[in-house]
Each structure stands twice: as structure tokens, then as C-alpha cells.
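In what follows, a single structure is set out as C-alpha cells and then discussed.
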Amino acid sequence: MDFSWRPLSTEDVLPWADLLNRAERADRVGEHYDLEDIAGQLTEPGLDLGLGTFSAWDGERMVGYALVRPRSYGQGRPALAYEGVVDPEFRGRGIGGALLGWATTRSAGLPEPAGLRVQASDRVPGYRALLERHGFEPSSWLVDLERPLDAEPQTVAVPDPAVVLAGIDSLPEDPVKACYLDAFGASELDWARLRNTAAYRPDLSFAAVDQARGEVEALLLACYFTADATARGVREVYIQSLAARRRARGRGLSETLLAHASAQYKRAGYQRIAVGLAVDGPDADLTGYRQAGFIPVQHWTVYSCP
2 MDFSWRPLST EDVLPWADLL NRAERADRVG EHYDLEDIAG QLTEPGLDLG
52 LGTFSAWDGE RMVGYALVRP RSYGQGRPAL AYEGVVDPEF RGRGIGGALL
102 GWATTRSAGL PEPAGLRVQA SDRVPGYRAL LERHGFEPSS WLVDLERPLD
152 AEPQTVAVPD PAVVLAGIDS LPEDPVKACY LDAFGASELD WARLRNTAAY
202 RPDLSFAAVD QARGEVEALL LACYFTADAT ARGVREVYIQ SLAARRRARG
252 RGLSETLLAH ASAQYKRAGY QRIAVGLAVD GPDADLTGYR QAGFIPVQHW
302 TVYSCP
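Take the sequence shown: its position 262, counting from 1, is numbered 263 in our numbering, and each next residue is one higher.
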């Protein structure tokens, strides 16, 4: 392979964006990026560019890259999230395998070896085949769902009289973070990464607050991807996180937050809401979501390698 290889740097924003846009035109996974998105990823908390990134170049053209980021996945032990893309014009030339080979040797600053987890769209079967050839096995599944905001209720009843709904941007950070860490089994680094994401929108995010305790019992954290809106011509809010504390589950708070947020988005002129959902298999029953107006638009397989 007649390519040059090196870690990414903060000077690589434009060539990285160009690579991602070329890949999206070929793969159509529905992910678009602007320069702000890319710059934010290069400076996100926990990402060591020297240890956790690698890229392939054909002259001045980036033709492949890989990232490994430490994540908790609610497991209480180190794990690494792998992300990689190869230029469609350069696939089949060993770049993807070389990037995976590099990733299996990384620890990205973690104190002990950690397994890799990779999210692969079912729209790109060649990527899934590459992962399987390198010893990765399916471990979980995700589905993206969308719903048009064409008929939302004007008022939303809260099922628990002890709870009020509030905008995230009106609350102190600590109780919001405490709920996030509890609900997802997340780490402080997971929270810092979310807060650093360019698309994260506190003004579009909401919480269910216990008035007596002054604690957040459930939350809905939203993102707005400007590049996606430009490419698709639709103003869509993406629900990045929706969950209740473990002690507050089964009280309908997540469903209430989703209904409340949908109504607010509709009033503000947004046209669609989207959510990524963890499911128990590739053929999971989505009847409840379909009845609520959601349409599955893309499936993902999460692969793991010890």
C-alpha cells in the first residue's frame, strides 16, 4: 500500500470533512458533518490524538481514518469505541484492515487493555463483512427511528404530581449530570464528551424534576445537526439521550418528556424528531413506536472484539 500513515491533528479538519462527505455520498447512512462538527471531535475530552487516532493519506488526500475513544458503556470497566471510514474510491486495497489492525493494539491511555466496540450500518454490508473477517462478532443492535412533527398535543399531563418539567438550560449542571450518570451507568468522561459535542442543544433538552428533592428524575437531551438539516432540507431534532434514574423507572417520565419535547419542537418550527434506540435483536418488535408514529429508517449492528 503506497500510502502515508500518521495520527490526526487539529489541522486536519478540512480533509477529514471531505473524506466523510465522499463516504456519505456512497454509503447514504444519513450522517453529514460541517467543519464545526469535525473540529469538535478533534478536541473532545478523552481523545488523545497521538494514541487514539490513525489516518491514511494519498498525497494530500485523506483516504482513511480510525479513532478509538474510551467509553464506559455502563459496564464499569474500560472499553473502547472504534470508528473508521475508508474513502469509497480506495476500498478493497487493505486500508480498512490496516486501520482495524492498528486499533487492536491501542489502549488510548487506558490503564489496562480494553475490548473494541464498533457500530456498523446495515446499509454498508462490506464494512460488516470486514469486521467479521477480523474477528468481530455482533453483540447488540440499534435502530434509528423518525417521526414527523405534524400533529402534536398542546398540553402534556405529568403523571406524577411531585414532578415538574423544566428546560435543561434553566437547571444547574450537577443534578442533570447526576441523573445522566445514574440512568446510563455512564462515566464523568461520557458526560464531558456529550457537553463538548457541537450539536448538543441544552435549549432543546428537558428534565423531570422532583420538587421535594430538587433532583432530576429523568432527562431528555437533544442535538441539532446543522449539516444534516442543510443536506436533507428538514429541521430535525435528534434525541441523543432519553432515560429515567433507576429508582424512577416505570412512572412514565420518559414518555412524558418525549411528548412535552415534541410539542415544544413543533411550536418552534422543527419538522421532525429522531431517536436512536437500543433493541434486543435485529428483528426487535417496534410495534409501540410504530403506533406512536415512529418509522424505523436505519438499523445498526454493534460488533465487539475482546
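Where a beta carbon is used, it is the ideal one built from N, C-alpha and C, also for glycine.
query: Give the secondary structure of E45 by DSSP, where H, G and I count as helix, E and B as strand, and everything else as coil.; result: coil
query: Closer than 6 Å by C-beta to A262: which residues in its own chain qualify, once you throw out the five before and the five after it? Chain order, please.; result: F207, L221
query: How would you call A158, buried or exposed, if buried means at least 16 neighbouring beta carbons within 10 angstroms?; result: exposed
query: Just the C-alpha distance for A264 and I274, rounded to the nearest angstrom, thanks.; result: 11 Å
query: Using DSSP's beta-bridge definition, name the partner residues of R291.; result: BP columns for R291 are empty, so no partner.
query: So, with DSSP's three-state summary, where would you put T11?; result: coil
query: Hey, which unbroken runs of the beta strand (DSSP E) at 3 residues or more fall wholly within the stretch 133-164?; result: 138-149
query: Locate the alpha helix (DSSP H) running through H261, then write down its first and last residues.; result: 254-268
query: Determine the direct distance from the alpha carbon of D59 to that of Y266, and round the result to whole angstroms.; result: 44 Å
query: Where does A57 fall in DSSP's three states?; result: strand
query: List the whole-angstrom C-beta distance separating V246 from A184, where the pair is believed to meet the contact cut-off of C-beta under 8 Å.; result: In the sequence under discussion, the amino acid at residue 246 is Arg, which differs from the Val named in the question. Correct: roughly 6 Å between the Cβ atoms.
query: Who does H300 pair with in a DSSP beta bridge?; result: V144
query: Return the bridge partner residues of D211 from the DSSP annotation.; result: V164, E216
query: Rounded to whole angstroms, how far is the Cβ of W142 from the Cβ of G282, which I believe are closer than 8 Å?; result: 6 Å
query: Taking only the alpha-carbon atoms, compute the straight-line gap between G270 and R236 and give it to the nearest angstrom.; result: 8 Å
query: For P176, which of T288, A219, G253 has the nearest alpha-carbon?; result: A219
query: Note the first and the last residue of the continuous beta strand (DSSP E) segment covering V30.; result: Here V30 belongs to no beta strand (DSSP E), and DSSP marks it neither H nor E.
query: Looking only at C-alpha atoms, which of Q241, E61, V210 sits nearest to P203?; result: Q241
query: Could you pull the DSSP bridge partners for A223 from this structure?; result: I240
query: Rounding to the nearest angstrom, what Cα-Cα distance links L248 and A82 in this structure?; result: What sits at residue 248 in the sequence shown is Arg, not Leu. Taking the straight line from one Cα to the other gives about 28 Å.
query: Starting from Y181, trace the beta strand (DSSP E) both ways and give me its first and last residue.; result: From DSSP, Y181 is part of no beta strand (DSSP E) but of the alpha helix (DSSP H) over 174-185.
query: The alpha helix (DSSP H) that contains A104, what's its start and end?; result: 96-104
query: Output yes or no for whether 8 Å exceeds the beta carbon distance between I39 and V69.; result: no
query: On the CB-based measure, 16 or more other CB atoms within 10 Å of its CB, does R148 come out buried or exposed?; result: buried
query: For T231, tell me which candidate among A223, P307, E32 has the shortest Cα-Cα distance.; result: E32
query: Quick check on S10: buried or exposed, where buried means 16 or more other Cβ atoms within 10 Å of its Cβ?; result: exposed
query: Under the three-state reduction of DSSP, which class applies to S171: helix, strand or coil?; result: helix
query: With DSSP as the reference, identify every bridge partner of V119, one or two as the case may be.; result: Y83, Y304
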